[in-house]
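Number 160 in this note's numbering belongs to position 141 of the sequence shown; there are no gaps in the numbering. The beta carbon of each residue, even a glycine, is placed where N, CA and C say it ideally should be.
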Amino acid sequence: MKNIDSYTHVRGESIYLDDIPLQAGTLFAAALDSPIAHGVIKKLDYTEAEKTEGIVRIFTYKDIPGKNQIGSIIPDEELFAETNVHFSGMPVALIVGISPEVLRIALKKIILEIEQLHPITDPREAQKKGELIMQPRTFRLGDVASAWKNCEYIIEGISEINGQEHLYIETQGAYAIPQESGALRVYSSTQGLTAVQSTIASVLNISMSNVEVDTTRLGGGFGGKEDQATAWAVLCSLAAYHLKRPVKYSLHRMEDMRMTGKRHPYSADFKIGLNKDLKILAFEATFYQNAGASADLSPAVMERTLFHCTNTYFIPNVTATAYSCKTNLPPNTAFRGFGGPQGMFVIEAAIAKAAECINVHAAEIQHKNLLKTGDEFPYGQLAESEAHECWKKADTLFHFEQMQKDIDDFNIQNKLTKKGMAIMPICFGISFTKTLLNQARSLVHVYIDGSIGVSTAAVEMGQGVNTKILQVAATIFSVPAERVKIFSTNTYRITNTSPTAASTAADLNGKATEIACNEILKRLKQVAAEELKVNATDIEIKDEYVWIGGKKTVLNWNNLVLLTYQKRVNLSELAHYTPQQIHFDATKEKGHPFTYHVYGTAAITATIDCLRGTYEIDAVKVVHDFGQSMNKMVDWGQCEGGIVQGIGWMTMEEIFYDTNGKLRSNALSTYKVPDIYSTPKEITIHPLETKKENLAIFQSKAVGEPPLMYGIGAYFALRNAIKAFNPTVNIPIDAPMTPEKVLMNLYDKINK
Ligand code: MTE
Ligand code: HPA
Ligand code: MOS
C-alpha cells in the first residue's frame, strides 16, 4: 500500500499550515529577536515602529495575562525576554500588522539596546562555572574502578560532536483564530498538540478546554517541532486574544534557523578497557551536553544519551555521567534519535580508537562484544537481542571481509583516491524514556454509509504514520483502504496527547486504534449474529461481508453498519492504550524503560579525493530489524531518509556559532545538507525478518529514528580512508568530518 499522502503530495494539494485559506481580517506577526547572545536590556523603544502604516500593535511580556513561561520539563524559559537576553534569537517583542511585508519594514525601526555580558558557548566552560540545567546523572553497571586492572588495553580520548539543523521543509508556524466566548482555534505545525494547548492556556490564563489545537500534517518535524513549535503558536494566540482577530506567523527560513534550537552538540571524555581477547571489560564516559539557554527537552535528551552509551554492546562495567550544560545558544532540542546518536557516537569512537591502538579492525572489537539475549544494559533492562542475527545476516549477504579486501586492494593501487569502510551496528530503545508519556487514545467512528473516520494523537510529518493507522483500521474491519479516513490531529477530539516522537506514534496510536476497532467489531458481530441467528463467535467479518463458518452470507458491510445503527448500537469508540511492562526508577537509574529494542547492522564505504579532501559515500548496506514490517514502502523510505540524514550530520552539516554566540551558518548558503548528488550511490536494505512477539503494532517494529544511526558509520569510514593515505595521522574525534577536516587530516604531519 502506498503512503496515503502521495496522491495529494505530488499534485501539490496537501494542506500545510501555509495552505490554510485565510479568514477575512487575518493579521500577520513576526518576532523581534535579540541580536545579542547574553545581555541586559537597556532600552526597548517601538513608538516609531508602531506608527508605521499597516502596523496594528507591538506586544511584549507586559501584555501577557498569565505566565511569561513556556518551559515544559523545567519552567526556565521566558516567552519574551523581560530584563535579560539569554541567546541570540530570543524573542523580545512581537510585531503585528496587515501584511508580512510591512512587518519587516517596521521591525527595523524598533530600538533595542542591550548591554552585552560574557556569552558562554562551550559546554565545558558552563560546567566549570556551575551553569547546569539540572543535577548530573550517572548510570552504573558493575565496578569500573576494579575492572581496569584486568584490562590488557586501556585507551582514553575526547570526542566532539556538533549539532544539526532540523531543516524541515516547512518552517515553524501557527495560525490562531479567535472563537466565541474567549476560546481560540490554533492551527500549529507541531508534533505535540497538548504542549501547545497547555502553554497557550497558561500564558493567556485561560482553560485548556478553551484552546483547540489542530494539525493536519507537517512538512517535516524530525523532533524540531516536539517542543519548539509552541512559542510561535503562543505568540499568535497572544495577539489573537488581545486583538480579537486571526493572527498568523509563518517563519522565514533564516528566522527559523537563528531562533530555534537544534540537535545537541556534545563534548565527551571516554576511557575504554579491553582484555587480550578484545572483550570490552570497562567503559567510562563523561558527557557534556550543550543544552543552550534553557532546559527545553535537554534533560530527557541527556537521559537517552546515557541509555544508549553502550550502543549494541554488552560491557560488564560501565560508569557514564552526563552534564546538561547551560550556554547562551538557542535551547537545543529533540532531533531524530533524541540524544541516543550522541551516546552511540562516543562508544563507537572509543572502539575505533582502541582498534587503531591495538592495530585490529574495529569490526573485530564490535563483533566480539555484541549483546546477547539476557545481557544487562547499564540501566538494568535485559536485552532480547537481535544484534548477532543482524550482524550475521549482513556478513552473509555483504561479505565484510571481502569488502575490506577490495578496499585494501583499491588503496594499494590508487595513490590519490582512498577508500574506507566501517561497520555500524545499532540498538535503539523504543518507548518514551519518560514512562508516563507512553499512552495514547484513538477515536473511531463508523458512519451509516459504512465509511470510517479515525482520530488519534499521531501527527503525520512524512513518516507515514497515518498510512499505518489507516492500515490498522482497514485490516481489523477488513474493508478497503478507501473506506477509512484519518482525521486531522485535534485536541477537541483527542485529549492529553503525547507528542508524536520517540518513534512510538504508530505503536501507541496504532494499538489504541486496534482496540477501538475491535470493540466496534465485537458489536457489529453481535448484531450480525442476532440477525443471522447464530452465535457471535461464529461470525467473521471479511472483505466487506459477514461470513459464517467460512461461508459468505448475503449480509454485507454497508447493511450491517446500517442495521447496527437501526438497533441503536454504538458505532463509535474511544480507546486507550498504554504498554504495561515498562518502568524506570530514576533514584536508582535502573528499570525496564523500553518496550523493546530495534537492532540492525550497516556496512558503509566511502571514497576520498586526496588532493581536494572531497569525498563520496559509496554504499550503505544494511540488515535492519523491522519486525514484521506493516508497510515496506513506508519503512524502507524511513530507513533511506534516516540514513541520509545521519550521514549529513556526520559529514557535511556544520553548525557554526561564533564566540559571541551568533549563528554564522544561518542560511542554506552556509549550512550544507545532503542533496541528491551527495546521497550514497547505493543504499541496500534487507530486513531481518523475525516473527517474534515484540509488543509493537501487528508485530512490526518502530522505524522512525533507529536508521539515522547507521549514518555514524560514514564518519568512521572516512576516518579509515584518511588513514589509508596518511597512516600515522592522529585524527581528532571531531564530527562532522567535513571536506575541510578531511583535507587537514590528509596532510597533517606531512606539513609539519
Ligand atoms: N520522517 C519524516 N519524513 N519526517 C519527519 O519529520 N521525524 C522522525 C521520524 N521520521 C520524521 C520522520 C522522528 S524524529 C520521529 S520521532 C519519528 O519519525 C516519529 O514518527 P513515528 O513515531 O510515527 O515513527
Ligand atoms: N524521545 C522523544 N521525545 C521524548 C522522549 C523520548 O524518549 N522522552 C520525552 N520526550
Ligand atoms: Mo523524534 S526526535 O522523537 O521527534
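is_contact[residue i, chain B] using C-beta, thresh 8 angstroms
| i | result |
| --- | --- |
| Y172 | Any reference to chain B falls outside this structure, which holds one protein chain only. |
In DSSP terms, what residue i is bridged to
| i | result |
| --- | --- |
| P335 | Looking at the DSSP assignment, P335 forms no beta bridge with any residue, so it has no partner. |
| V617 | F447 |
| I291 | I174, F302 |
| Q135 | G58 |
| D694 | For D694, which the question treats as bridged, DSSP gives no partner whatsoever. |
| P706 | H643 |
| N103 | V59 |
| H602 | H611 |
| H595 | R460 |
| M440 | T624 |
| E189 | Per DSSP, none; premise fails for E189. |
| F47 | G116, K267 |
| I196 | R204 |
| E179 | S286, D753 |
Where residue i falls, given that 16 or more other Cβ within 10 Å makes a residue buried
| i | result |
| --- | --- |
| M273 | exposed |
| N827 | No statement about residue 827 is possible, as the shown extent of the chain runs from 20 to 771 and does not include it. |
| R123 | exposed |
| I695 | exposed |
| G116 | buried |
| V573 | exposed |
| A730 | Here residue 730 is Gly; the residue named in the question, Ala, does not match the sequence. By the neighbour-count rule (16 or more Cβ atoms within 10 Å), G730 is buried. |
| L687 | exposed |
| Q361 | buried |
| Y634 | buried |
| A622 | buried |
| I55 | buried |
| E32 | exposed |
| A531 | buried |
For residue i, the three-state DSSP class (helix, strand or coil)
| i | result |
| --- | --- |
| G362 | helix |
| Q664 | helix |
| C170 | coil |
| G201 | helix |
| K412 | helix |
| N309 | strand |
| R264 | coil |
| D64 | strand |
| G31 | coil |
| H386 | helix |
| L270 | coil |
| Y766 | coil |
| N330 | coil |
| M480 | coil |
| L401 | strand |
| K571 | strand |
Cβ distance (whole Å) where residue i is taken to contact residue j below 8 angstroms
| i | j | result |
| --- | --- | --- |
| S719 | Q657 | That pair is no contact at about 11 angstroms. |
| M756 | M652 | Actually they do not touch by this definition, with Cβ atoms about 32 angstroms apart. |
| S474 | R512 | 4 angstroms |
| L131 | A50 | No, L131 and A50 are not in contact; Cβ-Cβ is about 12 angstroms, not under 8 angstroms. |
| M276 | L682 | 7 angstroms |
| I173 | G292 | 5 angstroms |
| I539 | L551 | Their Cβ separation, rounded to whole angstroms, is 18 angstroms, which puts I539 and L551 out of contact at 8 angstroms. |
| V245 | A353 | According to the sequence provided, residue 245 is Glu. The question's Val does not apply to it. About 4 angstroms separates the two Cβ atoms, so the contact holds. |
| Y342 | P155 | 5 angstroms |
| S53 | G108 | 7 angstroms |
Proximity of residue i and residue j at Cβ, strictly below 8 angstroms
| i | j | result |
| --- | --- | --- |
| T346 | N309 | yes |
| E672 | E184 | yes |
| G240 | N351 | no |
| M763 | I716 | no |
| L46 | A258 | yes |
| N575 | E563 | yes |
| G661 | V642 | no |
| A301 | A287 | no |
| A459 | A476 | yes |
| I60 | I133 | yes |
| G73 | V121 | yes |
| T703 | M422 | no |
| T787 | L63 | Given that the chain is displayed from residue 20 to residue 771, the structure contains no residue 787 and the question cannot be resolved. |
| D753 | K700 | no |
Distance cut-off 7 angstroms: residue i Cβ against heavy atoms of the ligand PLP
| i | result |
| --- | --- |
| V484 | Ligands displayed in this structure: the ligand MTE, the ligand HPA and the ligand MOS; the ligand PLP is not among them. |
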